[in-house]
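Working notes, structure below.
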Amino acid sequence: MAATTEPAGRPSWAARRRFSTAFWRRPWLKGAALLGLPVGAYLLIYVAALAVLFISAFWALDPLSGKIVHHWGLGNFRTLWHDHTYWRIAGRTIGIAAAVTVTDVILAFPFAYFMARVAPPRLRTVLFVLVLLPLWSSYLARIYAWRLILANDGALNWSLGGLGLPHQHIAYTNWAMWIVFSYIWLPFMILPIYAALERIPDSFIEASRDLGAKNWTTFRRVVLPLALPGVIAGTIFTFSLTLGDYITPILVGNTQFIGNVVYRNVLGLSYDLPFAAAFAIVPLAVMGIYLVLARRAGAFEAL
Amino acid sequence: MTRHHRRALAWVASALFVAALAFTAAGCGGGGSSESSSSTSKTSNLPTSIGKGEGKLSLIAWEGYTQPDWVKPFEQQTGCKVTAKYAGSSDEMVTLMRQGGGQYDMVSASGDASVRLIRGGDVQPMNPKLIPDFKNFIDALKSPSHNTVDGVHYGISLQWGPNTLLYNTQKVKPTPTSWSTLYDPKYKGQVTIPDNAIQMADAALYLSKSQPDLGITDPYELNQKQFDATVALLKQQRPLLKKRWSLASDEIDLFKNGDASIGASWPYQTNTLQADKVPVKDLIPKEGATGWADTWMLSSKSKHPNCAYLWTKWVSTPKVQAQQAIYFGETPANTKACAVMDKLSPGSCKQYHADAPASYFDSIKFWKTPLADCGNGKNDCIDYNQWQKAWTEITG
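Sequence order for the protein chains is A and B. 137 is the number that our numbering gives to position 137 of the first sequence; each next residue is one higher, with no gaps. Quick note, our numbering runs 1000 ahead of the 1-based positions in the second sequence.
Structural data, given as structure tokens:
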């Protein structure tokens, strides 16, 4: 009889209640329910792919049949080590990535500081939009735009000519890559630095001044250490993004990055996937070393 | 998060990573051994007639080879829906055919890819009797060595053409006559060449005339000494280069924006640039030229062989041969195409050498795969693997 008077939605209510009871009784269940899908995807898509990459680096390519042979060996790494071409390519990649990172820190820090601590709220919104605006357009479109700017008959030379200055020849050089990389990754440096600077309470700076510190001292001893995690986060973005890029070198450069060699080996020259995997481990290792150094420097203390 | 927690998390993460490693190693190891090498080089089971189309056809082609002008009518007539993927180099074509696993039915392979595809068992023999226009092909392209082995036809020839010297008529004076202009410091920072290992043959061809004591007779058959000289020449050229182009559109941009004024090219770029009113011309220098001769080849794993034969038949007809020749700027294999070309665009038959004598064809050193065995019985030639390695060294 009781069943007939109950509202129609009752059974689902009961089920829901059972769920919430279960979650309350076993707290780990909540964690599992929340993390199950992302962790599963992470394992399947990310970790498994990395594992395959790591393993195949020790395989080899049979030169005659062009098929991959599953024999373990260090042949690929030996080639990388002994052939100075690959040293040159890796050195160029890491060097330009470092130059881009330093450039972006120098450009982004004052800008982020102005946004976070000087600009009135309305101007801050405008600046935010300006920083994010380029990200709405395609990465490729922006690189092609730079090609047109830097080209011999491009906008830059046209402007220089108008001012009576000599023409530049930076199109398709390492300088062009440095400029374009610094431009495309700049927002990824500004945003984390901004976030870090914005979180510093005004009271800290007042306290520093009350204790007699001059502006420069306050900046050096209070602002900079607190902003450091943001700067490091930004450098991780710009450094790793440059390290892994292969499109910009194709479009605005005339030299190869690690990514170009990987690409050529995957689709192009010889389908030497094991060798590509071995070379792809180099930027991974470089990033690993960088992260360890950053941790030593205390960049992750505030996380 | 406490230090303790963090350490536990690190352990869990590394355990998962190791588990994934073990899992994939086991999985890949198991899959690898099941590969079988089947040879399909039997002529007895060649089709003797073309059946009804399967409704689909998947192609790997050079850019410009599957234009709607001739693909649309084909689809309407045969019901075979064409999907095409453009490849930027012969190497890419070979890779796509090998890794596609029957995903692609046909490939428009040049001579340096076709031999590799035949040797790798990636393509199957075709019956030229099913292609009515085959009898109208120039003799040199009926059974050329790049697609016919022991009398077995692995595909049907399509079009051919030379790699040309492209130059800006206002900036390059006097009119160049030799490939030496590509190595001339006078044009420092204005030179562009293709980013492709087979490009080394162009340098070897130039050396065969400029340094006859090296004794280069075939730019694809180089011994160690000749090869080293070629690599040295290309390294010396490095500072002169504005950029190595990988897509035809890249080279078009370079000439349009004034970044390059002389370079190695295909007639397609010249056509496009001239249509855009850029002051360029192209020519075949006195040393001769390398070139390509393309073949439509049928994948050994093709699922749509009838559509593939219908397509080959279609692209061999004089009209389509003429359309493609004019669009790309190359020479048709079908001799009947000449008249149609002149009808479509007056003078184009002569412009693209469709009426040229056989000696013109013979003057072009067509792309082929460099092999260790170069016919002298000594196996002392440098194979393509070494070419690719050297190219990486030159461009790295």
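In this text, a Cβ means the ideal position worked out from N, Cα and C, and glycines have one as well. Only a predicted model underlies this, so the values are computations on that prediction, with no experimental measurement involved.
Local Cβ density within 10 Å of residue i, reported as buried at 16 or more and exposed below that
i                  : result
Phe257 of chain A  : buried
Glu1035 of chain B : Interpretation of Glu1035 of chain B is limited by its pLDDT of 36, a score under 50 that renders its predicted location unreliable; the figure taken from the coordinates is listed afterwards. With fewer than 16 Cβ atoms within 10 Å of its Cβ, Glu1035 of chain B is classed as exposed.
Leu133 of chain A  : exposed
Tyr1104 of chain B : buried
Ile1193 of chain B : buried
Asp1069 of chain B : exposed
Asp272 of chain A  : buried
Thr235 of chain A  : buried
Trp1266 of chain B : buried
Ala207 of chain A  : exposed
Ala48 of chain A   : buried
Gly1027 of chain B : Because the pLDDT of Gly1027 of chain B is 44, which lies under 50, any placement of that residue in the model is unreliable, and the question is left without a value.
Phe204 of chain A  : exposed
Trp178 of chain A  : buried
Trp1062 of chain B : buried
Cβ-Cβ distance between residue i and residue j below 8 angstroms
i                  : j                  : result
Leu1130 of chain B : Pro1239 of chain B : no
Ala1322 of chain B : Ala1337 of chain B : yes
Arg147 of chain A  : Ile184 of chain A  : no
Ala233 of chain A  : Pro192 of chain A  : yes
Gly1288 of chain B : Gly1161 of chain B : no
Leu1158 of chain B : Trp1296 of chain B : yes
Asp1195 of chain B : Trp1179 of chain B : no
Leu1165 of chain B : Ala1264 of chain B : yes
Leu1233 of chain B : Leu1205 of chain B : no
Asp1380 of chain B : Asn1163 of chain B : no
Leu1298 of chain B : Met1106 of chain B : yes
Arg1244 of chain B : Asn260 of chain A  : no
Ile1060 of chain B : Leu1117 of chain B : no
Pro1185 of chain B : Pro1285 of chain B : no
Ala1367 of chain B : Asp1133 of chain B : Note that residue 1367 of chain B is Trp in the sequence shown, not Ala. It is not a contact, given that the beta carbons lie outside the stated cut-off.
Thr85 of chain A   : Thr1312 of chain B : no
Asn1168 of chain B : Ser1261 of chain B : yes
Arg221 of chain A  : Ala213 of chain A  : yes
Pro1125 of chain B : Ala1293 of chain B : no
Val1231 of chain B : Phe1255 of chain B : no
Pro219 of chain A  : Leu61 of chain A   : Correcting the residue identity first, residue 219 of chain A is Phe in this sequence and not Pro. Not closer than 8 angstroms, so no.
Pro187 of chain A  : Leu127 of chain A  : no
Unbroken alpha helix (DSSP H) run spanning residue i, endpoints
i                  : result
Ile250 of chain A  : 247-252
Ser1049 of chain B : Element bounds for Ser1049 of chain B: n/a, residue is neither H nor E.
Asp1202 of chain B : 1200-1210
Pro1322 of chain B : Checking the sequence shown, residue 1322 of chain B turns out to be Ala, not Pro. Counting along the chain, the alpha helix (DSSP H) containing Ala1322 of chain B begins and ends at 1318-1328.
Pro1194 of chain B : Element bounds for Pro1194 of chain B: not the alpha helix (DSSP H) but the beta strand (DSSP E), 1191-1194.
Ser1348 of chain B : 1348-1351
Ser203 of chain A  : 202-210
Tyr263 of chain A  : 258-266
Cys1338 of chain B : 1337-1344
Arg296 of chain A  : 273-296
Thr1392 of chain B : 1384-1395
Asn1306 of chain B : 1305-1315
Gly234 of chain A  : 224-244
Range covered by the beta strand (DSSP E) that runs through residue i
i                  : result
Asn215 of chain A  : Asn215 of chain A -> not in any beta strand (DSSP E); alpha helix (DSSP H) instead, spanning 215-218.
Gly1291 of chain B : 1289-1299
Leu133 of chain A  : Where Leu133 of chain A is concerned, there is no enclosing beta strand (DSSP E), although the alpha helix (DSSP H) it sits in stretches over 121-136.
Ala1356 of chain B : Ala1356 of chain B -> no beta strand (DSSP E), and no H or E assigned at all.
Asn1168 of chain B : 1164-1168
Phe1366 of chain B : 1364-1366
Glu1281 of chain B : For clarity, residue 1281 of chain B is Lys in the given sequence; the question names Glu instead. First-last of the beta strand (DSSP E) with Lys1281 of chain B: 1280-1283.
Asp1059 of chain B : Position check: residue 1059 of chain B holds Leu in this sequence, whereas Asp was assumed. 1056-1061 is the span of the beta strand (DSSP E), which, as asked, contains Leu1059 of chain B.
_At a CB distance below 8 angstroms, what residues from the region 141-168 of chain A approach chain B? Give them in sequence order._
Arg147, Leu148, Ala151, Asn152, Asp153, Gly154
*asked:* To be precise: take each residue of the region 87-106 of chain A, compare its Cβ to all Cβ atoms of chain B, and keep it if any distance is under 8 angstroms. Which residues remain?
replied: Arg88, Ile89
*asked:* At 3 residues or longer, what runs of the beta strand (DSSP E) sit wholly inside the region 1078-1119 of chain B?
replied: 1081-1086, 1106-1109
*Quick one: complete beta strand (DSSP E) runs, 3+ long, within the region 1212-1268 of chain B?*
1241-1245, 1262-1265
*What residues in the region 244-255 of chain A bring their beta carbon closer than 7 angstroms to a beta carbon of chain B?*
Ile250, Asn254
*Of all the alpha helix (DSSP H) runs that stay within the bounds of the region 42-102 of chain A, which reach a length of 4 or more residues?*
48-56, 75-82
*Which residue spans inside the region 144-194 of chain A form an unbroken beta strand (DSSP E) run of at least 3?*
none
*chain A contacts from the region 1275-1291 of chain B (Cβ-Cβ distance under 7 angstroms)*: none
_Contact set between the region 1239-1251 of chain B and chain A, restricted to residues whose Cβ is under 7 angstroms from the partner_ = Leu1241, Lys1242, Lys1243, Arg1244, Ser1246
*asked:* Output needed in chain order: residues of the region 1377-1392 of chain B with a Cβ under 7 angstroms from some Cβ in chain A.
replied: Asn1385, Gln1388, Thr1392
*Closer than 8 angstroms, Cβ to Cβ, to anything on chain A: give me those residues from the region 1210-1238 of chain B, in chain order.*
none
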